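Reviewing the structure listed below.
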Amino acid sequence: RSCSFTGFSTVQSRKLAKSLGRGSVRSRMSLKPPKAYNSLQKGALIWDPKPLQVKKIFEALKKGLNEYLEAHQAELDYLSGRHKDTKRNSRLVRLLTCARVIPVPSLPKVEELYEAYCIQCRLRDGATNMKQAFSLSPATKASRESLLELYRNVQECTEDMCFIEGALEVHLGEFHVKMKG
């Protein structure tokens with residue numbers, strides 16, 4: 367990680383930085399396109415990650431998935447108990463079979479996405495701080511190259527954050543309401 371932020375722009379350090387993680391966030395996920403808002407100028411895109419909103423989404427997802435898993439487990443336990451009492455009731459056997467087939471949303475996957483988002487957020491903050499520090503130093507060819515590299519790193523982290531936001535939004539669409547009674 368530190369190679370991409372050191373300010374050295376050698377071919378070897380760029381290859382190392384690329385192999386360590388650039389693009390790994392996007393390549394592991396199949397996502398819908400991230401939010402990119404058009405600015406007033408034609409053709410310009412503004413990537414706008416929202417860390418506070420993502421934290422709220424993650425907490426809501428985590429709470430909802432835990433509640434769903436608890437309710438599903440309670441229903442499965444109830445159906446299993448009823449199945450032992452009445453083995454001849456074919457409708458109950460079908461309900462039990464359906465309950466076993468219902469896919470369970472993946473809480474570890476959501477936690478992994480949020481962890482990756484936090485890492486990208488910290489990397490972006492670090493690159494932004496270094497960019498500010500380099501902009502205050504005397505302008506030399508090396509510092510200009512470093513500023514360009516840091517600007518690219520900030521852009522990549524911002525894009526990765528937007529892709530992860532999109533992945534979390536996809537998980538929000540996985541909830542289904544089932545009415546009983």
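If you read the sequence shown in the working numbering, its first letter stands for residue 367, the second for the next number, and so on.
Glycine residues also receive a C-beta, built at the ideal position from the N, C-alpha and C atoms.
Computed from a predicted model, the values in this text were never measured in an experiment.
Where does Lys-432 land, buried or exposed, given buried means 16+ other C-beta within 10 angstroms?
-> The count along the sequence shown starts at 1 and reaches residue 432 at position 66. The amino acid at residue 432 is misidentified as Lys; the sequence shows Asn. Exposed: under 16 other Cβ atoms inside 10 Å.
Are Val-520 and Ala-493 closer than 8 angstroms when you measure CB to CB?
-> Position 154 of the sequence shown, counted from the first residue, corresponds to residue 520. Position 127 of the sequence shown, counted from the first residue, corresponds to residue 493. It is a contact, given that the beta carbons lie within the stated cut-off.
Reduced DSSP secondary structure (H/G/I, E/B, other) of Pro-415 | Position 49 of the sequence shown, counted from the first residue, corresponds to residue 415. Three-state result, Pro-415: coil.
Environment of Thr-524 [buried if 16+ CB atoms lie within 10 Å] | Here residue 524 corresponds to residue number 158 of the sequence shown, with the count starting at 1. It is buried - the Cβ of Thr-524 has at least 16 other Cβ atoms within 10 Å.
What first and last residue would you give for the alpha helix (DSSP H) that runs through Thr-506?
-> Within the sequence shown, numbered from 1, the residue matching residue 506 stands at position 140. Thr-506 -> no alpha helix (DSSP H), and no H or E assigned at all.
Compute the Euclidean distance between the alpha carbons of Glu-531 and Met-496, then round it to the nearest angstrom.
-> Your numbering for residue 531 matches position 165 in the sequence shown. Your numbering for residue 496 matches position 130 in the sequence shown. Distance between the alpha carbons of Glu-531 and Met-496 is about 25 angstroms.
Given a threshold of 16 other Cβ atoms within 10 Å of its Cβ, counted over all protein chains shown, does Asp-526 qualify as buried or as exposed?
-> By one-based count along the sequence shown, residue 526 stands at place 160. Looking at its Cβ environment, which holds 16 or more other Cβ atoms inside 10 Å, Asp-526 is buried.
Within 8 angstroms, strictly: CB atoms of Leu-502 and Ile-423 | Here the question's residue 502 lines up with position 136 in the sequence shown. Here the question's residue 423 lines up with position 57 in the sequence shown. For Leu-502 and Ile-423, no; Cβs fall outside 8 angstroms.
So, helix, strand or coil for Ser-472, using DSSP?
-> Locating residue 472 in the sequence shown gives position 106, where the first residue counts as 1. Three-state result, Ser-472: coil.
Just the Cα atoms here: how many angstroms apart are Lys-428 and Ala-437?
-> Within the sequence shown, residue 428 is the residue found at index 62, counting from 1. Within the sequence shown, residue 437 is the residue found at index 71, counting from 1. Between Lys-428 and Ala-437, the C-alpha separation is close to 14 angstroms.
Taking Glu-425 as the reference, which of Ala-533, Tyr-480, Ile-485 has the closest Cα?
-> Here residue 425 is taken as the residue at index 59 of the sequence shown, counted from 1. Ranking the options by Cα distance to Glu-425, first place goes to Tyr-480.
Ser-512 to Pro-415, Cα distance in whole Å?
-> Here residue 512 is taken as the residue at index 146 of the sequence shown, counted from 1. Here residue 415 is taken as the residue at index 49 of the sequence shown, counted from 1. About 24 angstroms.
Between the CA atoms of Phe-529 and Cys-487 - distance to the nearest angstrom = Taking the first residue of the sequence shown as position 1, residue 487 is located at position 121. Taking the first residue of the sequence shown as position 1, residue 529 is located at position 163. Each residue's Cα considered, the two are about 12 angstroms apart.
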